[in-house]
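Everything below concerns the one structure shown next.
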Amino acid sequence: MKKILIIGGGISGAATLHYLSQKYTPQEASVILLEKENTIGGTVGSIPKDNNIFEAGPNGFLGNSSQTFELVKELGLDNELLCANEDAKYRHIYTDRKHHMLPTSLSSFLGFELLPVREKIRLISCIFKRLEFDERMTVGEFAEKNIGEHFKKFLMDPMVSGIYGGGVDELNLCAAFPRFAQILKSGKSLFQYRFTNRKKPKANKGLYTFKGGMQAPLNQIAAKYKDQINYNQTIEQVTYKDQKYRVKTHDQEYEADQVVLSVPAYVAAKMLDSFNPKLAGALGAIDYAPIAVVGLAFKQEDVIDLPVGFGLLIPSVEDNQVLGVLFESQIYPNRYNPHEVVFRVMIGGTHHRAIVEHSEKEIVARALKELAMQFSIKNLPQTTFFKLWNKAIPQYTNNYLDRIKTINEELKMQPGLHIVANYYKGVSFNDCIKNAFQTAANIEI
Ligand SMILES: Cc1cc2nc3c(=O)[nH]c(=O)nc-3n(C[C@H](O)[C@H](O)[C@H](O)COP(=O)(O)OP(=O)(O)OC[C@H]3O[C@@H](n4cnc5c(N)ncnc54)[C@H](O)[C@@H]3O)c2cc1C
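Next comes the structure, spelled out in structure tokens:
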């Protein structure tokens, strides 16, 4: 019987455990997940507090990945799915002390005040022509070259920092938005591409979560595979000798034929340092953005003038530590105390790395100050939630492309070593599940 070890139980490792356990019977392969904490989930964490659920990490996943919906079904969670409110399609940009609603129709686009007329014309014409692009372009360069400075500053910049906590002039277009890059690489206009690919099955629209929060699939995997998960196992070293991997904690050693690394890149780097310094070097050089998450629940009557919608993003020209604010109780109204308004304030990112040196008290105070500045808030919150991620989201920069090239070359020469993690093939919850599925399908014993 072959042995496969998965190291790290975030959504990447947990989904890999599920797919490999479906693929092989216990007689064919032993599949074991080793997790540092006493629970699985990693960045995913749904914390119930005073009749609300606060998310420490992702608060939803887009409906455009059939892989995630299949996993949900396989885990028996169909009835637990929760779709975001219809009004969550309204999103805002906060700049110059004003909320600007992002256009959702042609008429609102024509009236959208953050884009000058020439950029609106260029944006529309972009749908029908081949766009200027090369593989080393940053998102910012692409946006400015093809459309203009305002589009970059007020639309792409906040969108990129909302997803990655990173800078529009640092993130590489192909790495950060691979599906869009695929269209650009095809040499077709967006219109032509859409036209020739229209037979593909239609994806679900909108944003989804679970009644019990994003932790629900992790809880289900933890229960379903409870005999295959070893908790409180901090892996310190992975070595390879005589076609076997040796995976070590400070007082225990496991042996395996294949190893799936599902820990953050800087953790994997330390584990591999002694047996493959080149691979470890490339992994260790992947940059991460810090992010603090502050959840705040106010009495409904204490919040006045809240715009309708998903939330708001703040462009980096504002030089504001706050990246954005999500109106959680408007996104998933059924999941929150009906008498409260719940916000999630995201603070930090690569423009404000010093956030990691601030105390919880300082960061919560910063979040409260921002809300008080933007809205009429009469009293202090009823409940506060706080989580600081020193290394929250990997940065898919131009340098990142070089690291990944090295990582891929080294993996090719290292049989039985695999990576399923958010720094490898996409940061989103959906990407992690897709990568887990594909890796499990490719593993041969
Ligand atoms: C604040 C925030 C908000 C986000 N919002 C969204 C969103 O709304 N939608 C979306 O799609 N994505 C979102 N993301 C991104 C997404 O949540 C993550 O990319 C994804 O959850 C990462 O999963 P992972 O399994 O690859 O890594 P992780 O979640 O980092 O899991 C790694 C696991 O490895 C374990 N581990 C670490 N060291 C060791 C060791 N030495 N030995 C054993 N185990 C170890 C950890 O305990 C952890 O369980 C968000 C991320 C953050 C930080």
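The sequence shown begins at 48 in my numbering and counts up by one.
Here a beta-carbon is modelled for each residue, glycine too, at the ideal position from N, C-alpha and C.
Spatial neighbours of Q347 within its chain, please: CB distance less than 7 Å, with the 5 preceding and 5 following residues excluded, ordered by chain position.
For the purposes of this step, residue 347 is identified with residue 300 of the sequence shown, where counting begins at 1. So the qualifying residues of the chain are H386, E387, V388.
Hey, could you find the ends of the beta strand (DSSP E) V389 is sitting in?
Position 342 of the sequence shown, counting from 1, holds the residue named residue 389. First-last of the beta strand (DSSP E) with V389: 387-395.
Please determine, among S77, G60, G55, the residue with the shortest C-alpha to C-alpha distance to E84.
Position 37 of the sequence shown, counted from the first residue, corresponds to residue 84. Looking at the Cα atoms, G55 is the closest of the given residues.
Per DSSP, what are the beta-bridge partners of P95 in this structure?
Along the sequence shown, one-based indexing puts residue 95 at 48. Bridge partners of P95: I100.
By the 10 Å Cβ neighbour count, where 16 or more other Cβ atoms means buried, how is T366 classified, buried or exposed?
The sequence position of residue 366 within the sequence shown is 319, counting from 1. Residue identity check: residue 366 is Asp in the sequence provided, not Thr. Answer is exposed; the Cβ neighbour count stays below 16.
Hey, could you find the ends of the beta strand (DSSP E) G358 is sitting in?
To locate residue 358, count along the sequence shown from 1; it is residue 311. Per DSSP, G358 belongs to the beta strand (DSSP E) from 358-360.
Can you name the start and end residues of the alpha helix (DSSP H) that I451 belongs to?
The residue given as residue 451 occupies position 404 in the sequence shown. Note, I451: alpha helix (DSSP H), 445-459.
With 16 other CB atoms within 10 Å as the buried threshold, where does S68 fall?
Sequence index remark: in the sequence shown, residue 68 carries index 21 (1-based). When all chains shown are included, S68 counts as buried.
State buried or exposed for I497, treating a residue as buried only when at least 16 other CB atoms are found within 10 Å of its CB.
Not covered by the structure: residue 497. The range shown for the chain is 48 to 492.
Mind checking which residues open and close the alpha helix (DSSP H) that includes G342?
Mapped onto the sequence shown, residue 342 falls at position 295. It is not in any alpha helix (DSSP H) - G342 instead sits in the beta strand (DSSP E) that spans 335-346.
Note down the Cα distance separating R400 from A439, rounded to an integer number of angstroms.
Reading the sequence shown from its first residue, position 353 is the one you call residue 400. Reading the sequence shown from its first residue, position 392 is the one you call residue 439. Distance between the alpha carbons of R400 and A439: 11 Å.
Is the beta carbon of P205 within less than 7 Å of some heavy atom of ligand 1?
Against the sequence shown, residue 205 aligns to sequence position 158. Not under cutoff, so the answer is no.
Evaluate T72 with the Cβ neighbour count: other Cβ atoms within 10 Å of its Cβ, from every protein chain shown; 16 or more gives buried, anything less gives exposed.
In the sequence shown, the residue the question calls residue 72 occupies position 25. Exposed: under 16 other Cβ atoms inside 10 Å.
Is it buried or exposed for E417, if we count other Cβ within 10 angstroms and need 16 for buried?
The residue given as residue 417 occupies position 370 in the sequence shown. It counts as buried.
Sort F159, D352, E375, V403 by Cα distance to Q368 and report the nearest one.
Working through the sequence shown from its first residue, we reach residue 368 at position 321. Comparing Cα positions, the closest option is V403.
To the nearest angstrom, how far is the alpha carbon of G259 from that of N99?
Translated into the one-based positions of the sequence shown, residue 259 becomes position 212. Translated into the one-based positions of the sequence shown, residue 99 becomes position 52. Taking the straight line joining both Cα atoms gives about 10 Å.
Cβ of K192 within 8 Å of Cβ of V215?
Indexing the sequence shown from 1 puts residue 192 at position 145. Indexing the sequence shown from 1 puts residue 215 at position 168. No. Outside cutoff.
Let me know the secondary structure DSSP gives T142 once reduced to three states.
Your numbering for residue 142 matches position 95 in the sequence shown. Strand.
Could you tell me whether the Cβ atoms of L343 and H139 are closer together than 8 Å?
The residue labelled residue 343 in the question sits at position 296 within the sequence shown. The residue labelled residue 139 in the question sits at position 92 within the sequence shown. No. Outside cutoff.
Under a three-way DSSP split, which group does R177 fall into?
Taking the sequence shown and counting its residues from 1, the one referred to as residue 177 is at position 130. Three-state DSSP puts R177 in coil, outside helix and strand.
Following the continuous alpha helix (DSSP H) through I268, name the residue where it begins and the one where it ends.
If you number the sequence shown from 1, residue 268 lands on position 221. Looking at the DSSP string, the run of the alpha helix (DSSP H) that includes I268 is 263-271.
Just confirm the distance between the C-beta atoms of R169 and I210, as a whole number of angstroms; I'd bet it's less than 8 Å.
For this step, residue 169 is matched to residue 122 along the sequence shown. For this step, residue 210 is matched to residue 163 along the sequence shown. The Cβ separation is near 23 Å, so there is no contact.
Can you tell which of D204, P95, A222, F374 has the C-alpha that lies nearest to the C-alpha of D181?
Against the sequence shown, residue 181 aligns to sequence position 134. The option with the nearest alpha carbon to D181 is A222.
So, helix, strand or coil for E300, using DSSP?
By one-based count along the sequence shown, residue 300 stands at place 253. Strand at E300.
Spatial neighbours of E407 within its chain, please: C-beta separation below 8 Å, excluding the five flanking residues on both sides.
For the purposes of this step, residue 407 is identified with residue 360 of the sequence shown, where counting begins at 1. F433, L435, listed in sequence order.
Decide if the segment 315-323 is in contact with the segment 390-399; the criterion is three or more beta carbon pairs, one per stretch, under 8 Å apart.
Verdict: no, contact absent.
From the DSSP output, in three-state form, read off Y71 for me.
One-based indexing of the sequence shown puts residue 71 at position 24. Reduced to three states, the DSSP call for Y71 is coil.
Between N477 and the rest of its own chain, which residues show a CB-CB distance below 8 Å, the 5 nearest in sequence each way excluded?
Taking the sequence shown and counting its residues from 1, the one referred to as residue 477 is at position 430. F108, L109, N111, S112, Q114, T115.
So what does DSSP say about K83, is it helix, strand or coil?
For this step, residue 83 is matched to residue 36 along the sequence shown. DSSP places K83 in coil when its eight states are reduced to three.
When burial is assigned at 16 or more other CB atoms within 10 Å of the CB, is A483 buried or exposed?
Here residue 483 refers to the residue found at position 436 of the sequence shown. Buried is the call here.
Is it true that the CB of A303 sits closer than 8 Å to the CB of K50?
As a first step, residue 50 is located in the sequence shown; it is residue number 3 there, counting from the start. As a first step, residue 303 is located in the sequence shown; it is residue number 256 there, counting from the start. Taking 8 Å as the Cβ cut-off, K50 and A303 qualify as a contacting pair.
Just to confirm before moving on: does the CB-CB distance between P264 and L458 stay below 8 Å?
On the sequence shown, residue 264 is found 217 positions in, with the first residue counted as 1. On the sequence shown, residue 458 is found 411 positions in, with the first residue counted as 1. No. Outside cutoff.
Check whether the Cβ of I94 lies closer than 8 Å to any Cβ atom in chain D.
The question asks about chain D, but that chain is absent: this structure has only one protein chain.
Identify every residue that forms a DSSP beta bridge with I440.
Here residue 440 refers to the residue found at position 393 of the sequence shown. A336.
Out of V307, N106, I79, L353, point me to the one whose CA is closest to N277's CA.
What you label residue 277 is simply residue 230 of the sequence shown in a count that begins at 1. The residue with the shortest Cα to Cα distance from N277 is I79.
In whole angstroms, what separates the C-alpha of L254 from that of A228?
By one-based count along the sequence shown, residue 254 stands at place 207. By one-based count along the sequence shown, residue 228 stands at place 181. Going from the Cα of L254 to the Cα of A228 covers about 23 Å.
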